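Residue numbers (our numbering), protein chains in the order written: chain C, 1 to 114; chain P, 1001 to 1109.
C-beta atoms are modelled at their ideal positions from N, C-alpha and C, and glycine is treated no differently.
Bear in mind the structure is a predicted one, so any value in this text is a computation, not a measurement.
The next block holds one structure in the form of structure tokens; read it before the comments.
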Amino acid sequence: IAGITQAPTSQILAAGRRMTLRCTQDMRHNAMYWYRQDLGLGLRLIHYSNTAGTTGKGEVPDGYSVSRANTDDFPLTLASAVPSQTSVYFCASSDRSGSYNEQFFGPGTRLTVL
Amino acid sequence: GQNIDQPTEMTATEGAIVQINCTYQTSGFNGLFWYQQHAGEAPTFLSYNVLDGLEEKGRFSSFLSRSKGYSYLLLKELQMKDSASYLCAVRDGDYKLSFGAGTTVTVRA
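This is the structure we're talking about:
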């Protein structure tokens, strides 16, 4: 792997179902992030993790949960999906010890909740 | 929280210059980023400013005025491949980014 991968690429989900979006990075970055991107609203932070074993809430955390058991993986779970969670989801990571600490983004998961 | 404003759309001709403005109101400031995002793809890092002034990287330059809460991204010698959305993002003291809604730039021949 090189960089950040996300799975699945796209998914259609029935409302009420549980869904986990996967994110894996191989850059050994300590910080990871989940965003959703909706037309006209830009990227909004859902949850983040500054280091393995810790997580924090972003701007729009309701209905989502995350875990960070190790450095590489940062799954996002929708416990009971609702149509308003239809969006494109991006995972990102950054190296807090780097010069810019810029975030690197995965290719995204397009989720449709019906 | 952060309030970040940028124009929704801009159109320019190939070879021209376009300036994308970004204004922000923040509860904490630890740098400003510009990202490029082509349709259907992930955002990619373009530039970073933390001190006032101009940062130049090839055809792209970014400017910051912290006292005015203002930044701009300057794209010179526009090429068709520059057609994309450009995202302004402000980082807070906890290294979290808040993004503007993005500016879609269309380059016409």
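As the crow flies, the alpha-carbon of residue 1053/P is around 25 Å from that of residue 1079/P.
Shortest Cα-Cα distance from residue 1077/P to any of 1102/P, 1007/P, 1014/P involves 1014/P. Per DSSP, residue 103/C lies in no beta strand (DSSP E) segment and is marked neither H nor E.
Non-local beta-carbon contacts of residue 1102/P in its own chain, meaning distances under 6 Å to residues more than five positions away in sequence, involve 1085, 1087 in chain order. The beta carbon of residue 20/C is closer than 6 Å to those of 75, 77 in its chain, skipping five residues each way along the sequence. Within the region 68-93 of chain C, the residues whose Cβ lies closer than 7 Å to any Cβ of chain P are, in chain order, 90. Nearest to residue 71/C by C-alpha distance, out of 59/C, 3/C, 79/C, 53/C, is 53/C. Put simply, the backbone Cα of residue 1093/P is about 6 Å away from that of residue 1029/P. Residues of chain P with a Cβ closer than 7 Å to the Cβ of residue 103/C are, in chain order, 1097.
Taking C-beta separations shorter than 6 Å and ignoring five residues to either side along the sequence, the partners of residue 96/C in its chain run 30, 31, following chain order. In this structure, the beta-carbon distance from residue 1027/P to residue 1049/P does not fall below 8 Å.
Measuring C-alpha to C-alpha distances from residue 1017/P to each of 1100/P, 1083/P, 1044/P identifies 1083/P as the nearest.
Pairing residue 49/C with residue 60/C gives a Cβ-Cβ distance that is not under 8 Å. Residue 1081/P sits in a helix when the DSSP states are folded into three classes. Taking the Cα of residue 109/C as reference, the smallest distance to any Cα among 68/C, 85/C, 2/C is reached at 85/C. Taking the C-beta atoms as reference points, residue 24/C is found no nearer than 8 Å to residue 55/C. Chain C places a beta carbon closer than 8 Å to that of residue 1100/P, counting this residue as a contact. Residues of the same chain with a CB within less than 7 Å of the CB of residue 1003/P, apart from the 5 flanking positions on each side, are 1024, 1025 in chain order. Residue contact check for residue 1042/P against chain C: a CB pair falls below 8 Å. Closest in alpha carbon position to residue 11/C, among 88/C, 94/C, 105/C, is 88/C. From the beta-carbon of residue 1045/P, the residues of chain C found nearer than 7 Å are 102.
Within the region 1022-1094 of chain P, the complete beta strand (DSSP E) segments at least 3 residues long are 1032-1037, 1044-1049, 1053-1057, 1060-1065, 1070-1075, 1084-1091, listed from N- to C-terminus. The beta carbon of residue 113/C sits closer than 7 Å to those of 13, 15, 81, 82, 83, 85, 86, all from its chain and outside the five residues before and after it, given in chain order.
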